[in-house]
Ligand code: ATP
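Residue numbers (my numbering): 7 to 306.
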């Protein structure tokens with residue numbers, strides 16, 4: 007859906023994006039992670055033809071960008087740098103203005119398309135209210151509704167939950183999961199690890215303009231082969247497991263070189279109490295920290 011090779015953008019002395027090779031596949035919810043200033047927005051803008059690359063190639067939906075922008079962009083929904091809307095007009099009126107693609111279509115089908123987009127983002131009830139009375143979350147959702155007007159097969163979103171409260175973030179997440187369930191491929195940039203961890207199937211990490219990691223989330227979070235045990239009898243467990251405990255902190259032990267089932271049997275046979283036992287997996291934060299040199303990517 008999105009393939010770039012050698013994608014590079016230089017602003018004078020600043021190398022904002024450096025030799026990036028994105029590979030976003032059909033059906034992905036792709037999380038494009040990076041600290042502030044790492045080059046995410048510049049990359050997104052290049053993908054959409056809003057900024058010209060210094061060098062490198064971009065393919066969107068199998069076609070070269072920006073050369074075939076006129077053919078490609080009608081099939082792509084985009085939300086970049088916050089939604090713009092007229093405050094003195096209603097949400098519905100704003101979308102009707104944006105819906106230029108439907109200019110030739112009968113009025114009734116245009117209205118249906120606008121209402122459908124408003125309904126999808128949960129703004130159906132307030133569609134007639136002036137946008138100046140909308141909360142930030144509602145404005146963000148109006149921006150998403152605008153991106154959905156053309157029923158796109160690919161959504162490209164730059165920090166779609168920026169400035170939203172936890173309720174708004176979870177609403178946007180549910181919306182994106184719903185769209186994904188109905189066949190839309192989603193590419194979103196974010197600096198929030200937790201957001202990407204909960205939502206995405208595939209992850210790319212930008213570090214000072216360079217793509218330092220790109221893989222399926224499930225692959226990145228594969229079991230490490232060690233087992234995590236939580237027990238109020240941590241000291242006794244440590245003594246019992248003699249040399250297999252790699253880490254002990256509080257009631258938590260990380261145990262190597264023993265199958266979880268066998269480990270469980272031994273602990274129970276020794277009369278130790280277990281509150282939790284399972285395979286160790288790396289968190290996305292650990293994966294990102296390992297891939298970036300001094301990553302200021304934040305985890306809320
Ligand atoms: P944020 O999360 O803060 O939006 P980002 O990852 O989106 O950050 P970019 O906005 O793409 O990062 O910026 C990458 C680098 O390019 C930064 O050093 C920035 O100062 C620089 N940059 C971006 N746009 C321009 C521009 N128009 N002129 C000069 N430098 C720019």
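C-beta: ideal position from N, C-alpha, C; glycine also.
(request) Leaving out five residues on either side along the sequence, give the residues of the same chain with a beta carbon under 7 Å from the beta carbon of residue 298. (result) Looking up residue 298 in the chain shown gives position 292. Within the same chain, residue 298 has close Cβ partners 211, 213 and 218.
(message) Taking the straight line between their C-alpha atoms, what separation do you get for residue 196 and residue 243?
(response) By one-based count along the chain shown, residue 196 stands at place 190. By one-based count along the chain shown, residue 243 stands at place 237. Near 41 Å, if we compare the C-alpha coordinates of residue 243 and residue 196.
(request) Taking only the alpha-carbon atoms, compute the straight-line gap between residue 208 and residue 276 and give it to the nearest angstrom. (result) The count along the chain shown starts at 1 and reaches residue 208 at position 202. The count along the chain shown starts at 1 and reaches residue 276 at position 270. Rounded to the nearest angstrom, the two C-alpha atoms are 42 Å apart.
(request) Reducing DSSP to helix, strand and coil, say where residue 289 ends up. (result) Reading the chain shown from its first residue, position 283 is the one you call residue 289. If DSSP states are grouped into helix, strand and coil, residue 289 belongs with coil.
(request) Indicate whether residue 290 and residue 199 have their beta-carbon atoms separated by less than 7 Å. (result) The count along the chain shown starts at 1 and reaches residue 290 at position 284. The count along the chain shown starts at 1 and reaches residue 199 at position 193. It is a contact, given that the beta carbons lie within the stated cut-off.
(message) Any residue with its C-beta under 6 Å from a non-hydrogen atom of the ligand ATP counts. Can you list them all in chain order?
(response) 17, 20, 22, 40, 42, 43, 44, 45, 46, 47, 48 and 197
(message) Looking at the secondary structure, which residues open and close the beta strand (DSSP E) in which residue 49 lies?
(response) Within the chain shown, numbered from 1, the residue matching residue 49 stands at position 43. Segment 46-53 is the alpha helix (DSSP H) holding residue 49; no beta strand (DSSP E) there.
(request) Hey, could you find the ends of the alpha helix (DSSP H) residue 144 is sitting in? (result) The count along the chain shown starts at 1 and reaches residue 144 at position 138. 142-154 is the span of the alpha helix (DSSP H), which, as asked, contains residue 144.
(request) Please check the pair residue 55 and residue 153, which I expect to be a contact at CB under 8 Å, by giving their CB distance rounded to whole angstroms. (result) Within the chain shown, numbered from 1, the residue matching residue 55 stands at position 49. Within the chain shown, numbered from 1, the residue matching residue 153 stands at position 147. So it is not a contact: roughly 16 Å between Cβ atoms.
(request) Go ahead and pull the three-state DSSP assignment for residue 220. (result) Residue numbering aside, residue 220 sits at position 214 when the chain shown is read from its first letter. If DSSP states are grouped into helix, strand and coil, residue 220 belongs with the strands.
(message) When you compare the CB positions of residue 250 and residue 264, do they come within less than 7 Å of one another, or not?
(response) Counting from 1 along the chain shown, the entry for residue 250 is found at position 244. Counting from 1 along the chain shown, the entry for residue 264 is found at position 258. Contact: yes.
(request) Give the range of the alpha helix (DSSP H) segment to which residue 266 is assigned. (result) Residue numbering aside, residue 266 sits at position 260 when the chain shown is read from its first letter. Residue 266 -> alpha helix (DSSP H) spans 266-275.
(message) According to DSSP, simplified to helix, strand and coil, what is residue 127?
(response) Sequence index remark: in the chain shown, residue 127 carries index 121 (1-based). Correct three-state label for residue 127: coil.
(request) Classify residue 238 as helix, strand or coil using the three-state DSSP reduction. (result) On the chain shown, position 232 is the one that residue 238 refers to. Three-state result, residue 238: coil.
(message) Using the Cβ count rule (16 or more neighbours within 10 Å means buried), how would you classify residue 131?
(response) Position 125 of the chain shown, counted from the start, is the residue given in the question as residue 131. By the neighbour-count rule (16 or more Cβ atoms within 10 Å), residue 131 is not buried but exposed.
(request) Quick one: residues in its chain with C-beta nearer than 8 Å to the C-beta of residue 129, no 5 flanking neighbours on either side, listed in chain order? (result) For the purposes of this step, residue 129 is identified with residue 123 of the chain shown, where counting begins at 1. So the list reads 97, 144, 147, 148 and 151, once near-sequence residues are dropped.
(request) Would you grab the beta carbon distance between residue 35 and residue 205 for me? Rounded to a whole angstrom, and I think it's under 8 Å. (result) Numbered from 1 along the chain shown, position 29 holds the residue referred to as residue 35. Numbered from 1 along the chain shown, position 199 holds the residue referred to as residue 205. With a Cβ gap of about 6 Å, residue 35 and residue 205 count as contacting.
(request) Consult DSSP for residue 195 and reduce its assignment to one of helix, strand or coil. (result) Residue 195 sits at position 189 when you count from the first residue of the chain shown. Residue 195 falls in the strand class under three-state DSSP.
(request) Return the chain-ordered list of same chain residues with a C-beta closer than 8 Å to the C-beta of residue 11, the five sequence neighbours on each side being excluded. (result) Walking along the chain shown from the start, residue 11 turns up at place 5. Counting only Cβ-Cβ distances below 8 Å, and skipping sequence neighbours, we find 27, 62 and 63.
(message) Between the alpha carbons of residue 121 and residue 101, how many angstroms are there, rounded?
(response) If you number the chain shown from 1, residue 121 lands on position 115. If you number the chain shown from 1, residue 101 lands on position 95. Whole-angstrom Cα-Cα distance: 9 Å.
(message) Checking 7 Å against the spacing of the C-beta atoms, do residue 248 and residue 279 come in under that value?
(response) For this step, residue 248 is matched to residue 242 along the chain shown. For this step, residue 279 is matched to residue 273 along the chain shown. No, Cβ-Cβ distance for residue 248 and residue 279 is not below 7 Å.
(request) Assign residue 297 to one of three DSSP states: helix, strand, or coil. (result) If you number the chain shown from 1, residue 297 lands on position 291. It is helical.
(message) I need the straight-line Cα distance from residue 164 to residue 193, nearest angstrom please.
(response) The count along the chain shown starts at 1 and reaches residue 164 at position 158. The count along the chain shown starts at 1 and reaches residue 193 at position 187. Computed Cα separation, rounded: 8 Å.
(request) Given a cut-off of 7 Å, decide if residue 233 and residue 266 are closer than it, judged by their beta-carbon atoms. (result) The sequence position of residue 266 within the chain shown is 260, counting from 1. The sequence position of residue 233 within the chain shown is 227, counting from 1. Result yes, Cβ atoms of residue 266 and residue 233 sit closer than 7 Å.
(message) Output needed for residue 230: all residues of its chain with C-beta closer than 8 Å, excluding positions within five of it in sequence on either side, in chain order.
(response) The residue you call residue 230 lines up with position 224 of the chain shown. Contacts found: 285, 286, 287 and 288.
(request) Look at the alpha carbon of residue 255 and the alpha carbon of residue 16, and state the distance between them as a whole number of angstroms. (result) Position 249 of the chain shown, counting from 1, holds the residue named residue 255. Position 10 of the chain shown, counting from 1, holds the residue named residue 16. So the two alpha carbons sit approximately 46 Å from each other.
(message) Can you find the residues in the same chain that come closer than 6 Å, C-beta to C-beta, to residue 47, ignoring five residues on each side of it along the sequence?
(response) On the chain shown, residue 47 is found 41 positions in, with the first residue counted as 1. Once the five neighbours on either side are set aside, the close Cβ partners of residue 47 are 164.
(message) Classify residue 220: buried if its beta carbon has 16 or more other beta carbons within 10 angstroms, exposed otherwise.
(response) Against the chain shown, residue 220 aligns to sequence position 214. By the 10 Å Cβ count, residue 220 comes out buried.
(message) Suppose contacts are defined by Cβ-Cβ distances below 7 Å. Is residue 252 in contact with residue 245 by that definition?
(response) The residue you call residue 252 lines up with position 246 of the chain shown. The residue you call residue 245 lines up with position 239 of the chain shown. Not closer than 7 Å, so no.
(request) Answer with buried or exposed for residue 177, where buried requires no fewer than 16 other C-beta atoms within 10 angstroms of its C-beta. (result) Within the chain shown, residue 177 is the residue found at index 171, counting from 1. Counting Cβ neighbours within 10 Å, residue 177 comes out buried, since at least 16 surround it.
(message) Measuring only the C-alpha atoms, how far is residue 24 from residue 13?
(response) Your numbering for residue 24 matches position 18 in the chain shown. Your numbering for residue 13 matches position 7 in the chain shown. Each residue's alpha carbon lies about 7 Å from the other.
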